[in-house]
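K.L.:
Let me begin by handing over the structure; questions about it come next.
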Amino acid sequence: MEFVIILFLAVVVFIIKSVKVVPQQHAYIVERLGRYHATLTPGLNILIPFIDRLAYKHSLKEVPLEVPSQICITRDNTQLKVDGILYFQVTDPQRASYGTSDYLLAITQLSQTTLRSVIGKMELDKTFEERDEINQIVVASLDEAAINWGVKVLRYEIKDLVPPQDILHSMQAQITAEREKRARIAQSEGVKMEQINLANGAREAAIQKSQGEMQATINNSEGNKQAAINKAQGEAEALRLVADATADAVRRVAESIKVDGGIEAVNLKVAEQYVAAFAQLAKQNNTVILPANVADVSSLVATALSVVKQSNR
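Next up, the structure:
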């Protein structure tokens with residue numbers, strides 16, 4: 001009975017040792033008598049107990065690896081405290097098992113040395129501006145070396161770049177000065193635009209004022225011109241009317257002379273006016289030119305009548 005129990009236990013142990021179930025996205029390395037024998041894929045696998053053994057277990061998932069912070073010196077001799085995170089994946093379980101004693105340590109150390117080398121070629125300002133370039137260089141260097149370790153480096157990300165406190169204060173002062181500079185530039189641009197707008201407004205106002213004054217001058221000129229034209233036309237019309245009236249009067253006098261007794265009436269009118277004119281000489285204190293026979297009034301009247309008669313012929 002005891003033998004049966006022992007045999008049963010031996011069978012159970014044999015089955016347990018011979019049957020291995022590999023989870024999804026995992027790979028197990030089997031050694032037979034101390035040498036690499038096979039890589040077990042996900043699912044049910046059979047081993048030979050006490051001859052085969054599981055030497056290594058690997059996860060084929062993407063693994064994030066924290067890279068410890070370190071001090072790096074830039075090209076301009078500034079110390080930076082840098083840390084990052086590395087993402088990798090085991091692609092060849094056999095090389096991951098036998099290519100290096102510890103691929104995690106190897107990747108971590110190589111990423112740190114590569115990062116120090118890359119940052120040492122850059123100045124401080126460039127390290128903040130070229131973080132993507134730094135990440136790409138580190139990934140390319142790691143991926144090339146990690147092929148022999150059965151590892152694929154997917155990406156590297158810098159988490160923090162921390163300069164010394166005095167550098168931080170200087171950078172903060174520089175940022176503050178740059179912001180103040182931009183504020184002053186923006187303010188000066190605003191003042192400049194304001195002055196330009198005011199100058200343009202004054203210019204437009206002056207142009208409109210000059211145009212208005214010129215238009216007013218033109219209107220005044222046109223008004224004066226039209227007034228002068230109207231005045232000239234009025235004076236011409238008045239002269240024409242006077243001339244027409246004078247001509248009409250002369251015409252009527254001529255017609256009256258031709259009537260019977262007309263000449264006698266004219267002679268009488270002329271004689272009266274002539275005598276009246278000489279009658280005013282004693283009343284006016286004026287210097288005049290008189291004919292030589294001014295004392296002989298009858299001869300003066302006769303002379304005037306003879307003029308009328310001659311003009312009537």
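The numbers in our numbering rise by one with no breaks, and the one at position 137 of the sequence shown is 137.
Just so you know, even glycine gets a beta-carbon here, dropped at the ideal spot from N, CA and C.
Source: prediction; values computed, not measured.
My guess is that Ile119 and Thr127 are in contact by the Cβ rule of under 8 Å, so how many angstroms apart are they, rounded?
P.N.:
Their Cβ separation, rounded to whole angstroms, is 6 Å, which keeps Ile119 and Thr127 in contact under 8 Å.
K.L.:
Identify every run of the beta strand (DSSP E) within the stretch 171 to 250, keeping only runs that are complete inside it and at least 3 residues long; order them along the chain.
P.N.:
none
K.L.:
Return yes when the Cβ of Lys17 is within less than 8 Å of the Cβ of Pro42, no when it is not.
P.N.:
No. Outside cutoff.
K.L.:
Which one of Leu161, Ser141, Asp83 has the shortest CA to CA distance from Val152?
P.N.:
Per the sequence shown, residue 152 should be read as Lys rather than Val. With distances taken between Cα atoms, Lys152 lies closest to Ser141.
K.L.:
Report buried or exposed for Ser311, applying the criterion of at least 16 other Cβ atoms within 10 angstroms of its Cβ.
P.N.:
A caution first: Ser311 carries a pLDDT of 49, below 50, which makes its placement in the model too unreliable to give a value.
K.L.:
Just to confirm my understanding: we take Leu7, look at its own chain, exclude 5 residues before and 5 after, and list those with CB closer than 6 Å. What are they?
P.N.:
Closer than 6 Å at the Cβ level, and outside the excluded window around Leu7, lies no residue.
K.L.:
Does the separation of the CB atoms of Ile29 and Ser97 fall below 8 Å?
P.N.:
yes
K.L.:
Once the 5 residues before and after Ser210 are set aside, which same chain residues still bring their CB inside 7 Å of it?
P.N.:
Here the set comprises nothing.
K.L.:
Below 8 Å on the Cβ atoms is my contact criterion, and I expect Asp76 with Glu123 to pass it. Report the Cβ-Cβ distance as a whole number of Å.
P.N.:
5 Å
K.L.:
Mind checking Gly34: buried by the 16 CB within 10 Å criterion, or exposed?
P.N.:
exposed
K.L.:
By the DSSP assignment, the alpha helix (DSSP H) with Gly99 in it spans what residues?
P.N.:
Segment: none, Gly99 is in no alpha helix (DSSP H) and carries neither H nor E.
K.L.:
Report the three-state DSSP secondary structure of Arg155 (helix, strand or coil).
P.N.:
strand
K.L.:
Name the DSSP bridge partner or partners of Phe88?
P.N.:
Val63, Val153
K.L.:
Measuring straight from C-alpha to C-alpha, what distance separates Arg95 and Trp149?
P.N.:
5 Å
K.L.:
Could you give the DSSP three-state label for Ile5: helix, strand or coil?
P.N.:
DSSP places Ile5 in helix when its eight states are reduced to three.
K.L.:
Do you know whose CA, among Leu86, Tyr103, Ile175, lies nearest Val139's CA?
P.N.:
Leu86
K.L.:
Given a cut-off of 8 Å on the beta-carbon distance, is the pair Thr78 and Ile134 in contact?
P.N.:
no
K.L.:
Does the distance from the C-beta atom of Ser69 to that of His26 stay below 8 Å?
P.N.:
Cβ distance not < 8 Å, so Ser69 and His26 don't count as in contact.
K.L.:
Excluding the 5 residues preceding and the 5 following Ile158 in the sequence, name in chain order all residues of the same chain whose CB lies nearer than 7 Å to its CB.
P.N.:
Val82, Gly84, Arg131, Ile134, Asn135
K.L.:
Which whole-angstrom value describes the C-beta separation of Gln89 and Glu62, a residue pair presumed to lie in contact below a C-beta threshold of 8 Å?
P.N.:
5 Å
K.L.:
State the DSSP-derived secondary structure class of Leu33, mapped to helix, strand or coil.
P.N.:
coil
K.L.:
On the DSSP bridge assignment, give the partners of Gly43 in chain order.
P.N.:
Val22
K.L.:
I'd like to know whether the C-beta atoms of Ile111 and Val67 end up nearer to each other than 8 Å.
P.N.:
The question names Ile, but residue 111 is Ser in the sequence shown. Yes, Cβ-Cβ distance for Ser111 and Val67 is below 8 Å.
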